[in-house]
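No gaps in the numbering here: position 199 of the sequence shown is 224 in the working numbering, and each next residue is one more.
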Amino acid sequence: MRKIVTLISLLILFVMVIPVTCVDAEKWIVKYRVEDLKTKHLVLERDFESGESNFYTPVFAGAEYNITLTVNIPMSVPYANLTLKTLLKHSSILDRYWETRYSPPPTIIDYNPNNRSLKIKQEKGRMIVSLYGKIPEGITENKISNAIILHKPANFIVVELLGPGLQILDNITIEVIDSKIFEYRNLLEEKEGVLQSLKESSPKVAPAYINLFEDVISRAKYEADQGFVSNAISLLNILTSDNPPREHVPSIFEEFFFPIIGGVGIVAAIFGALFLKARGRINYLLMVIEDQIRELEGLTFRVSKIDKSIHSGLEGVKNRLKNLVEE
């Protein structure tokens with residue numbers, strides 16, 4: 026008799042342990058998709074068997090969704106039951122939580138679509154179930170005072186699959202945000218795009234302005250991480266790409282032609298003074314100045330193809346030297 030009792034006890038223990046052992050080997054909820062219950066728009070879909078995940082729009086607190094999930098039960102265990110339990114609130118659009126979309130097995134026990142949980146016999150097979158409900162409002166908010174409300178994304182457990190001993194075998198956890206967090210994320214993406222454009226722009230934006238832009242974005246991220254999303258939005262709205270200060274890069278004119286023109290000007294001034302003091306050397310002076318004019322004419326021609334403003338400046342210097350010779 027004792028042997029029979031011991032054998033039955035071992036069998037019960039074996040039944041209780043098997044589901045837990047199976048969960049270590051593979052996922053039970055193998056895929057799911059989320060649709061907006063009002064608009065019917067696809068929000069996200071995940072397939073753990075293929076490894077594919079697609080996220081289209083965020084999940085918002087207070088919104089209603091249809092979550093269609095596929096549960097894979099890898100083996101049958103006699104007298105063992107599993108439970109699907111949702112933490113969603115009841116939908117205001119539909120009169121039920123659940124809708125089955127498969128043929129048994131597995132078999133649902135005492136099916137009530139308006140109950141928050143479904144009991145299922147642990148029979149080998151796949152079940153596809155649609156779950157309807159509303160994400161609780163306020164789960165992304167933490168009111169510190171009448172003037173301060175923190176906003177942080179919440180990892181909300183939509184549904185759990187429980188084993189015979191009510192141990193959690195698997196669940197669906199989704200990130201939930203609110204309109205304030207959504208506004209911040211869109212604005213952050215926009216400003217990071219502006220920052221990248223500033224870095225790649227030509228002429229280059231002043232490094233100090235780039236650093237300032239990066240510092241403001243970093244500060245906004247820090248504020249948002251702490252929950253001060255309104256502060257983060259205010260910081261990001263300060264940033265603008267309108268008429269940013271440009272880095273001063275010496276032009277070709279400044280780097281190459283200014284020294285030449287300066288030299289020509291000095292030469293012209295010196296030789297002009299010598300011209301007044303020593304008319305006996307007039308022919309030599311005129312020859313030197315004319316050589317400078319010819320050099321300027323060559324430079325003016327080449328620069329005319331690069332920069333019109335530089336070309337205009339060279340023309341002015343050349344004309345002044347010509348006037349000096351003609352005098």
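No residue lacks a Cβ here, since even glycine has one placed at the ideal position from N, Cα and C.
Task: Of the listed residues Ile-118, Ile-98, Phe-253, Ser-259, nearest to Lys-168 (C-alpha basis) - done: Here the question's residue 168 lines up with position 143 in the sequence shown. Residue Phe-253 is the option with its Cα nearest to Lys-168.
- [ ] In angstroms with no decimal places, state the Cα-to-Cα distance between Ala-172 and Ser-255.
- [x] Translated into the one-based positions of the sequence shown, residue 172 becomes position 147. Translated into the one-based positions of the sequence shown, residue 255 becomes position 230. Distance between the alpha carbons of Ala-172 and Ser-255 is about 11 Å.
Open item on the list: Is the beta carbon of Tyr-122 closer than 8 Å to that of His-115?
Closed with: In the sequence shown, the residue the question calls residue 115 occupies position 90. In the sequence shown, the residue the question calls residue 122 occupies position 97. Yes, these two residues count as a Cβ contact at 8 Å.
- [ ] Count the other C-beta atoms from every protein chain shown that fall within 10 angstroms of the C-beta of Arg-151, then say buried if there are 16 or more, exposed otherwise.
- [x] One-based indexing of the sequence shown puts residue 151 at position 126. By the 10 Å Cβ count, Arg-151 comes out exposed.
Task: Arg-141 in three-state terms, based on DSSP - done: Counting from 1 along the sequence shown, the entry for residue 141 is found at position 116. In this structure, Arg-141 counts as coil in the three-state DSSP scheme.
Task: Runs of alpha helix (DSSP H) lying entirely within the region 80-153, each at least 4 residues, in chain order - done: none
- [ ] Please classify Lys-224: does DSSP put it in a helix, a strand, or coil?
- [x] Counting from 1 along the sequence shown, the entry for residue 224 is found at position 199. Reduced to three states, the DSSP call for Lys-224 is helix.
Open item on the list: Only counting the same chain, and skipping five residues up and downstream in sequence, which positions put a Cβ closer than 8 Å to that of Leu-191?
Closed with: Translated into positions along the sequence shown, residue 191 becomes position 166. So the qualifying residues of the chain are Thr-108.
Task: Pairwise C-alpha distance: Glu-208 and Thr-165 - done: As a position in the sequence shown, residue 165 is number 140, starting the count at 1. As a position in the sequence shown, residue 208 is number 183, starting the count at 1. Between Thr-165 and Glu-208, the C-alpha separation is close to 14 Å.
- [ ] Go to Arg-58, then tell me how far its beta strand (DSSP E) extends in each direction, as first and last residue.
- [x] Mapped onto the sequence shown, residue 58 falls at position 33. 54-61 is the extent of the beta strand (DSSP E) around Arg-58.
- [ ] Just the C-alpha distance for Ile-145 and Glu-77, rounded to the nearest angstrom, thanks.
- [x] Counted from its first residue, the sequence shown places residue 145 at position 120. Counted from its first residue, the sequence shown places residue 77 at position 52. Roughly 28 Å separates the two Cα atoms.
Task: Residue span of the alpha helix (DSSP H) that contains Asp-250, given as start and end - done: Taking the sequence shown and counting its residues from 1, the one referred to as residue 250 is at position 225. Residues 232-250.
Task: Segment contact flag, the region 66-74 with the region 132-142, C-beta cutoff 8 Å, min 3 pairs - done: no
TODO: Consult DSSP for Ser-255 and reduce its assignment to one of helix, strand or coil.
DONE: What you label residue 255 is simply residue 230 of the sequence shown in a count that begins at 1. Correct three-state label for Ser-255: helix.
- [ ] With DSSP collapsed to three states, give me the class of Gly-158.
- [x] Within the sequence shown, the letter at position 133 stands for residue 158. Strand.
Task: Outcome for Lys-65 when other beta-carbon atoms lying within 10 angstroms are tallied against a minimum of 16 - done: Taking the sequence shown and counting its residues from 1, one reaches residue 65 at position 40. Exposed, since its Cβ has fewer than 16 Cβ neighbours within 10 Å.
TODO: Evaluate contact between the region 230-242 and the region 178-191, counting only Cβ atoms and requiring at least three cross-stretch pairs below 8 Å.
DONE: no
- [ ] Decide if the region 191-202 is in contact with the region 211-223; the criterion is three or more beta carbon pairs, one per stretch, under 8 Å apart.
- [x] no
Open item on the list: Let's see if you can read the secondary structure: which residues bound the beta strand (DSSP E) around Ala-172?
Closed with: Locating residue 172 in the sequence shown gives position 147, counting from the first residue. First-last for Ala-172: undefined, no H or E at that position.
Task: Bridge partner(s) assigned by DSSP for Glu-362 - done: Nothing can be reported for residue 362, as the shown portion of the chain is limited to 26 through 352.
Task: Status (buried if at least 16 other CB within 10 Å, exposed otherwise) for Leu-260 - done: Taking the sequence shown and counting its residues from 1, the one referred to as residue 260 is at position 235. Buried, by the Cβ-count rule.
TODO: Have a look at the DSSP bridge pairing and note the partners of Thr-198.
DONE: In the sequence shown, counting from the first residue as 1, residue 198 sits at position 173. BP columns for Thr-198 point to Ile-182.
- [ ] Would you verify that the beta carbon of Tyr-122 is, or is not, closer than 8 Å to some beta carbon of chain C?
- [x] Absent from the structure: chain C. Only one protein chain is present.
TODO: Taking all protein chains shown into account, decide if Asn-139 is buried (16 or more other Cβ within 10 angstroms of its Cβ) or exposed.
DONE: Position 114 of the sequence shown holds residue 139. By the 10 Å Cβ count, Asn-139 comes out exposed.
Task: Assigned exposure category for Glu-363 - 16 Cβ within 10 Å defines buried - done: Any answer about residue 363 is impossible in this case: the structure gives the chain only from 26 up to 352.
TODO: Name the residue from Leu-223, Leu-143, Lys-177, Ile-258 whose alpha carbon lies nearest to the alpha carbon of Asp-267.
DONE: Position 242 of the sequence shown, counting from 1, holds the residue named residue 267. Checking every option, the nearest Cα to that of Asp-267 belongs to Leu-223.
TODO: Confirm, please, whether the CB-CB distance from Ala-245 to Lys-231 is below 8 Å.
DONE: Indexing the sequence shown from 1 puts residue 231 at position 206. Indexing the sequence shown from 1 puts residue 245 at position 220. According to the sequence as given, residue 231 is Ala; it is not Lys. Taking 8 Å as the Cβ cut-off, Ala-231 and Ala-245 do not qualify as a contacting pair.
Open item on the list: What does the alpha-carbon distance come out to for the pair Ser-117 and Pro-269?
Closed with: Start at 1 with the first residue of the sequence shown, and residue 117 comes out as number 92. Start at 1 with the first residue of the sequence shown, and residue 269 comes out as number 244. Taking the straight line joining both Cα atoms gives about 51 Å.
Task: Nearest to Asn-262 (by Cα), restricted to the options Gln-251, Arg-210, Glu-225 - done: Position 237 of the sequence shown, counted from the first residue, corresponds to residue 262. Closest by alpha carbon: Arg-210.
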